[in-house]
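*Asks:* Residue numbering for the sequence shown follows the numbering used here, starting at 7 and increasing by one per position. We treat Cβ as the ideally placed atom computed from N, Cα and C, and that holds for glycine. Here's a structure for you.
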Amino acid sequence: MTVITNIQDLKRIYERRVPRMFYDYAESGSWTEQTFRDNTTDFQDIRLRQRVAVDMSGRSTAAEMIGQKVAMPVALSPVGLTGMQHADGEMKAAKAALDFGVPFTLSTMSINSIEDVAEYTRAPFWFQLYTMKDEDYVRRLIQRAKDAKCSALVITLDLQILGQRHKDLKNGLSAPPKLTPKTIANLATKWRWGIEMLGAKRRNFGNIVGHVQGISDASQLGAWTAEQFDPTLDWGKIAKLMEQWGGKVILKGILDPEDAKMAVKLGADAIVVSNHGGRQLDGALSSIRMLPAILDAVGGDIEVFLDSGIRSGQDILKAMAMGASGTMIGRAFVYGLGAMGQKGVTTALEILRKEMDTTMALCGERSIAGLGRHNLLIPEDFSGRWQD
Ligand SMILES: Cc1cc2nc3c(=O)[nH]c(=O)nc-3n(C[C@H](O)[C@H](O)[C@H](O)COP(=O)(O)O)c2cc1C
């Protein structure tokens, strides 16, 4: 029996338990994967200042994100196909997050539907919107999120066109998996996943199948989604979507100070500094490297969250001390879910909180609000010296 002490332990179990196609889907970046790799390694360039003889009692990791109280400044990022990593994956991950006291974000491209998650959790969650060419579908999707009492709309801006991940093409990624000699051979070694999946509420895209004319089953779905991402999305369209929603809005996928300023202009409540976990523009800088410039541009004007590359409580602390108002995690919770279902997501969150709390103490801090750049040693050229 493995003693699970960190996120990497969960990843190892996840790799054993989940079909290769879905492991590869999560554990890949686009093209050369340079940005995917940098997202995690760049955190290591930042060091921490150890302080001693500070009263460390009564510490708390509690914070607020868009006015919501959170047990720690971490939300679950929207992750497509989460319900293929584990049966009823979105329902389970949402329950774990909300019970723990952190926000859960449901992806448009989820397996469980908005309604499934709302019924299972009975607590407000965030809904992530991909804008599709079918405007009527988008309008109804926003209405469904309102009916489910979602507490924020996360509009993803960095996927108007899909970055290429070589492995997904080679594996013939689909939900549910197509049965080929290769997938059958692999599935035969993942019997626990298969048995649980037989009992799952859904095995294809729950927010789409049955809600789009002409799409009643998975066979027509691949072609529809590939064509549907809206290449014409611009700031004017974003403003209209925000108006349709009428509630809290988080704009996700911002990696440039100029775009961050536009988000402020539009009146968004928060932005997520993100490169989609290295899955879109390969060659872009890591989120953590872009964070200082974005904070300098809009820091006091809007809440600035960060995702892409967080694998430990120390990473969260570094982003918060640099000045972020919150963080989000994608793969770190997926590893837990694939390894052990709902319990695995709880374990991932517990690991992150414990690491953050201990690090906070050793840095001589007792609260998230007390964290600042004084806790960090940031290399002088951390943001890079680039020609104009
Ligand atoms: C398997 C996978 C699927 C994803 N699907 C979505 C999605 O449907 N919508 C979205 O906005 N972002 C999606 N993302 C990006 C995440 O929301 C998040 O930005 C990213 O995972 C953060 O990086 P990290 O995994 O290193 O924490 C996905 C990421 C992964 C790994």
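1. Please confirm whether D122 and G35 have their CB atoms less than 8 Å apart.
2. Is M296 a contact residue of ligand 1, with contact defined as CB to any heavy atom under 7 Å?
3. Looking only at C-alpha atoms, which of A81, N281, P385, P298 sits nearest to D44?
4. Using only CA atoms, which one of Q250, Y31, R285, Q50 lies nearest to R146?
5. Touch check for the stretch 348 to 365 and the stretch 316 to 331: three-plus C-beta pairs under 8 Å?
6. I'd like the span of the beta strand (DSSP E) that includes V80, first residue to last.
7. Is the beta carbon of F131 sitting closer than 8 Å to the one on F110?
8. Taking the alpha carbon of E1 as the reference point, which residue from G273, K17, G259, T238 has its own alpha carbon closest?
9. Kindly indicate which residue of L355, E386, H217 has the alpha-carbon position closest to the one of R150.
10. Between the beta-carbon of G315 and the beta-carbon of S292, is there less than 8 Å?
11. What first and last residue would you give for the alpha helix (DSSP H) that runs through Q74?
12. List the whole-angstrom C-beta distance separating G220 from A93, where the pair is believed to meet the contact cut-off of C-beta under 8 Å.
13. Distance check for P84 and T127, CA to CA, integer angstroms please.
14. Within 10 angstroms of the Cβ of D313, are there 16 or more other Cβ atoms? Answer buried if so, exposed if not.
15. Buried or exposed, going by whether 16 or more other CB atoms sit within 10 Å of the CB of D61?
16. If you scan the stretch 262 to 310 from start to end, which runs of the alpha helix (DSSP H) of 4 or more residues do you find wholly inside it?
17. Taking C-alpha atoms, which residue in Q50, V340, D164, L193 lies nearest to G284?
18. With distance defined between alpha-carbon atoms, name the residue in S373, L377, G378 nearest to S63.
19. My understanding is that T88 touches I120, with C-beta atoms under 8 Å, so please give their C-beta distance in whole angstroms.
20. Mapping the DSSP letters down to three states, classify G259 as helix, strand or coil.
21. Take the Cβ of G347 as the centre, count every other Cβ of all protein chains shown within 10 Å, and call the residue buried at 16 or more, exposed below.
22. In three-state terms, what does DSSP make of L175?
23. Tell me whether S113 counts as near ligand 1, meaning its Cβ is closer than 7 Å to at least one heavy atom of that ligand.
24. Since A269 and L257 are thought to touch, with beta carbons under 8 Å apart, how far apart are those beta carbons, to the nearest angstrom?
25. Assign A229 to one of two classes, buried (16 or more other C-beta atoms within 10 Å of its C-beta) or exposed (fewer than that).
26. Could you tell me whether the Cβ atoms of M334 and F311 are closer together than 8 Å?
27. Just list the residues that DSSP pairs E70 with in beta bridges.
*Replies:* In terms of the structure at hand:
1. no
2. no
3. N281
4. Q250
5. yes
6. 80 to 82
7. yes
8. This structure cannot settle anything about residue 1, because the visible part of the chain is limited to 7 through 394.
9. H217
10. yes
11. Premise fails: Q74 lies in the beta strand (DSSP E), 74 to 76, not in any alpha helix (DSSP H).
12. About 28 Å separates the two Cβ atoms, so there is no contact after all.
13. 16 Å
14. buried
15. exposed
16. 263 to 272, 293 to 304
17. D164
18. S373
19. The Cβ separation is near 13 Å, so there is no contact.
20. strand
21. buried
22. helix
23. yes
24. 5 Å
25. exposed
26. yes
27. K75
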